[in-house]
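Number of protein chains: 2
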Amino acid sequence: MYNLYYWSHIQGRGEFIRLALEAAGADYVDVVRRSEKRGGGRAAVLAILQGNDPRAPFAPPILEVDGEWISQTANILAFLGPRLGLVPKDEASRRWANQLQLVVTDFLVEAHDTHHPIAKHLYYEEQKPAARKRAKAFVELRLPKFLGYFEGVLARNAKGPSWMVGGELSYVDLSMFQVVAGLRYAFPKAMARLEPAHPNLVALSARVAKLPRVARYLKSKRRIPFNQSGIFRHYPELDR
Amino acid sequence: MYNLYYWSHIQGRGEFIRLALEAAGADYVDVVRRSEKRGGGRAAVLAILQGNDPRAPFAPPILEVDGEWISQTANILAFLGPRLGLVPKDEASRRWANQLQLVVTDFLVEAHDTHHPIAKHLYYEEQKPAARKRAKAFVELRLPKFLGYFEGVLARNAKGPSWMVGGELSYVDLSMFQVVAGLRYAFPKAMARLEPAHPNLVALSARVAKLPRVARYLKSKRRIPFNQSGIFRHYPELDR
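Going down the list, the protein sequences come from chains A and B.
According to the numbering used here, the first sequence is numbered sequentially starting from 42.
According to the numbering used here, the second sequence is numbered sequentially starting from 42.
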């Protein structure tokens, strides 16, 4: 049994954990989405962050398992991967999966900072001129660089271009699906232009969406819709 | 024997790997700092990044060991930690170390982006107004938040406040030393103001600097000086 602690109103970084748990059919509670009466709500996260535990995490997502708190998306996935059968058994492949997940981590900061280039505590509307410039550089240079890298990983995979790591589904594939979904929401024009040059990535995204457990999850109320509070936000003026 | 591939003119993210290798007295080559004749130079990194290897990394630092390339700072340290005796043996402590290292990773992006809030490919001089605003938010809010967290980890450590993870030196301590050193170079005024409230962190930094192997390394030519090309840059107008 896993307890996931993450903000209840956004997909955010928590979604990469939710997707792994859902794809594996794991037994978990999305704690913050429960009512406060039942120990949920925002207070459940704040109690951990503001508590005095020797190993209190810096920020959510946080996975609680057997009394241990595990934080940082890639760290949680490196822990869950072997337990959920979402990473190959050999150590070199696990390092490779972790490496790719950390590229995703880097990418998410850059995607987020297109709308928040100055400060997280300010509204988008307070940093629009800088956002416009940062989004331009992102769409023209950084987005193609990251997508090109991920496409290359699939194209060069010795086990074929179906999956990112080896010949089976791993948590990295679930993350790639989420990256593509988020980009399509936030930057529909840029993605329409870039997708044809990244056929393996587009096919991977469709393949993941059709996995029975993932498909059921995406149709369920457990999947929070994209919105203007998460990592991926759709501001037409930032999309070219 | 380890081969490290990282840019030769900056400490950057490579320094977190160099410090681990040096503190453990490991046998390694800082490949790019060798002459091109001897297989070094920038070309050595570019050959990996632009090559067609199925597991080509996205970016340096890259550690080459037994024919495997391992990239992403935290991923390299998670690999080296057990081999170099720089992390406790139990899995929960290793996850905790990795978690803390990933907080450092997040922090480094924010420290870097104070001088490059708009785009990596532009000069600082081309993004000064945004840099001034981002640095203000960093110094006033983000820097105290991160330093306060790291100080709290030391203060709450069940084995005492000498080390970040358990009761012995780990790679996380080496990274904390580097973070403090970088901040003192880039933001001397802000750090002079903040240090008194973070006594355990300041003491840890001094403790690491005095480790015999680290002390020798810091005095050697192998330690590249801080400069205006790395993560930490000193622009007086960004320091308050």
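The C-beta atom is built at its ideal place from N, Cα and C for all residues, glycine as well.
These figures come from a predicted structure and were not determined experimentally.
When only Cα atoms are considered, Y69 of chain B and F99 of chain B end up about 22 Å apart.
Inclusion of L118 of chain A and I111 of chain A in the CB contact set at 7 Å is not warranted, their separation being larger than that value. Ranking A:R173, A:W137, A:A61 by CA distance to the CA of A97 of chain B puts A:W137 first.
Cα atoms of P266 of chain B and A250 of chain B: separation of roughly 15 Å, rounded to the nearest angstrom. Going by C-alpha positions, V243 of chain A is about 11 Å away from F191 of chain A. Think of a sphere of 8 Å around the beta carbon of I58 of chain B: no beta carbon from chain A falls inside it, the nearest being about 14 Å out. Pairing F187 of chain A with A227 of chain A gives a Cβ-Cβ distance that is not under 7 Å. DSSP lists A:I103 as the beta-bridge partner residues of S112 of chain A. When C-beta atoms of the stretch 46 to 55 of chain A are compared with those of the stretch 80 to 90 of chain A, three or more pairs fall below 8 Å, so the two segments count as touching. Taken in chain order, the members of the stretch 136 to 148 of chain A whose beta-carbon sits within less than 7 Å of a beta-carbon on chain B are R136, W137, N139, Q140, L143, V144. With the criterion set as a beta carbon lying under 8 Å from some beta carbon of chain B, the members of the stretch 106 to 122 of chain A are E109, I111, S112, Q113, A115, N116, A119, F120, in sequence order. For R281 of chain A, no chain B residue has a C-beta closer than 9 Å to its own C-beta; the minimum C-beta separation is roughly 15 Å. In this structure, E63 of chain B lies away from Y212 of chain B, with their beta-carbon atoms at least 7 Å apart. The beta-carbon of Y46 of chain B is placed no less than 7 Å from the nearest beta-carbon of chain A. The shortest C-alpha to C-alpha distance from H275 of chain A to any of A:R173, A:R197, A:G92, A:K260 is the one to A:R173. In this structure, the CA atom of V150 of chain B is about 12 Å from the CA atom of R183 of chain B.
For N44 of chain A, there is no enclosing alpha helix (DSSP H); the residue is part of the beta strand (DSSP E) that begins and ends at 43 to 46. By the Cβ neighbour-count rule, G66 of chain B is exposed, with fewer than 16 other Cβ atoms within 10 Å of its own.
Looking at B:F179, B:M42, B:E56, the one whose alpha-carbon comes closest to that of A222 of chain B is B:E56. A247 of chain B counts as exposed, since fewer than 16 other beta carbons sit within 10 angstroms of its beta carbon. Residue environment: N241 of chain A is assigned as buried (16 or more neighbouring CB atoms within 10 Å of its CB, all protein chains considered). Using a CB distance cut-off of 7 Å, I159 of chain B counts as an interface residue toward chain A.
Annotation: the continuous beta strand (DSSP E) that includes D71 of chain B extends over 69 to 71. Residue state for T155 of chain A is assigned as coil, using DSSP reduced to three classes. Bounds of the alpha helix (DSSP H) holding V255 of chain B are 253 to 260.
K177 of chain A and M42 of chain B have their C-alpha atoms spaced approximately 43 Å apart.
One thing to note: S216 of chain A has its Cβ within 7 Å of the Cβ of V145 of chain A. For the pair I51 of chain A and S261 of chain A, the CB atoms are not nearer than the 7 Å cut-off. Using a Cβ-Cβ cut-off of 7 Å, V206 of chain B does not count as an interface residue toward chain A, since no Cβ of chain A sits closer than that to its own.
E132 of chain B and K169 of chain B have their alpha carbons spaced roughly 45 Å apart. Residue-level contact check: P95 of chain B touches chain A, since one or more beta carbons of chain A fall below 7 Å from its beta carbon.
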